[in-house]
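Trainee: This note's numbering applies: residue 11 is where the sequence shown begins, and numbers increase by one. We treat Cβ as the ideally placed atom computed from N, Cα and C, and that holds for glycine.
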Amino acid sequence: MGASLSNTRRGGRRNRRAAMAEINVTPLVDVMLVLLIIFMVTVTLPAVGVPIELPESRANAVEETPNQVTISVDNQGRIFIENEPVPTGALPDALAALNRGGDGRLPNIVLRGDRSLDYGRVMAVMGELGRAGFTSIALVTDGSVTAP
Numbered sequence: 011m012g013a014s015l016s017n018t019r020r021g022g023r024r025n026r027r028a029a030m031a032e033i034n035v036t037p038l039v040d041v042m043l044v045l046l047i048i049f050m051v052t053v054t055l056p057a058v059g060v061p062i063e064l065p066e067s068r069a070n071a072v073e074e075t076p077n078q079v080t081i082s083v084d085n086q087g088r089i090f091i092e093n094e095p096v097p098t099g100a101l102p103d104a105l106a107a108l109n110r111g112g113d114g115r116l117p118n119i120v121l122r123g124d125r126s127l128d129y130g131r132v133m134a135v136m137g138e139l140g141r142a143g144f145t146s147i148a149l150v151t152d153g154s155v156t157a158p
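(1) Check whether the Cβ atoms of valine 83 and leucine 139 lie closer than 9 Å to each other.
(2) Would DSSP call alanine 31 helix, strand or coil?
(3) Should aspartate 128 go down as buried or exposed, given a rule of 16 or more other Cβ atoms within 10 Å for buried?
(4) DSSP state of aspartate 40, grouped into three classes?
(5) Cα-Cα, which of Ser154, Leu149, Ala134, Ser67 is closest to threonine 80?
(6) Using alpha carbons as the reference points, say which of Val41, Ala104, Arg131, Ile48 lies closest to asparagine 85.
(7) Please look up how many angstroms separate the CB atoms of phenylalanine 90 and valine 60, rounded, as I've assumed it's under 8 Å.
(8) Could you check where the alpha helix (DSSP H) with alanine 106 kicks off and where it finishes?
(9) Look up asparagine 118 in the DSSP assignment and give the residues it is bridged to.
(10) What's the C-alpha gap between glycine 123 and alanine 134?
(11) Determine the contact status of leucine 108 and leucine 101, defining contact as a CB-CB distance below 9 Å.
(12) From which residue to which residue does the alpha helix (DSSP H) around glutamate 138 run?
(13) Tell whether a beta-carbon distance below 9 Å holds between asparagine 118 and asparagine 70.
(14) Between methionine 30 and threonine 36, what straight-line distance do the alpha-carbon atoms span, to the nearest angstrom?
(15) Can you grab the Cα-Cα spacing for the pair leucine 43 / threonine 75, in whole Å?
(16) Taking buried to mean at least 16 other C-beta atoms within 10 Å of its own C-beta, is valine 53 buried or exposed?
Here's what the structure looks like:
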């Protein structure tokens with residue numbers, strides 16, 4: 011009899027493959043986990059690279075704010091604003107040059123002092139900060155488990 015012109019096989023099924031409507035999410039999950047690990051590692055890195063041995067304290071942690079400047083005093087008594095060293099006697103000028111933001115407010119100051127420093131050296135830096143008008147100063151310490 012005659013040849014069939016339709017595109018069917020036995021039982022009336024089509025010969026063409028149906029398009030796969032599934033998405034393989036395994037590679038997507040792998041990439042997202044790698045990005046999450048990279049994000050977690052980079053967030054926990056210290057923001058300031060000046061090596062300082064901080065004193066211990068049981069004080070509560072201070073929240074980081076975007077409007078903060080870190081000032082460090084190393085074991086030699088040298089002063090750093092963020093990672094930049096401040097020449098001897100130039101701290102008042104460096105503090106005057108700090109960015110005051112769009113609304114004119116002074117940034118929060120985070121003061122890191124080495125544990126081997128003389129108390130007077132840290133207080134001299136704090137005095138200059140107060141003289142420059144900085145009223146929000148946080149002192150950074152390492153956590154300890156025993157009370158003094």
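Mentor: Well, looking at it:
(1) no
(2) coil
(3) exposed
(4) helix
(5) Leu149
(6) Arg131
(7) 5 Å
(8) 101 to 106
(9) Gln78
(10) 12 Å
(11) no
(12) 129 to 141
(13) no
(14) 16 Å
(15) 27 Å
(16) exposed
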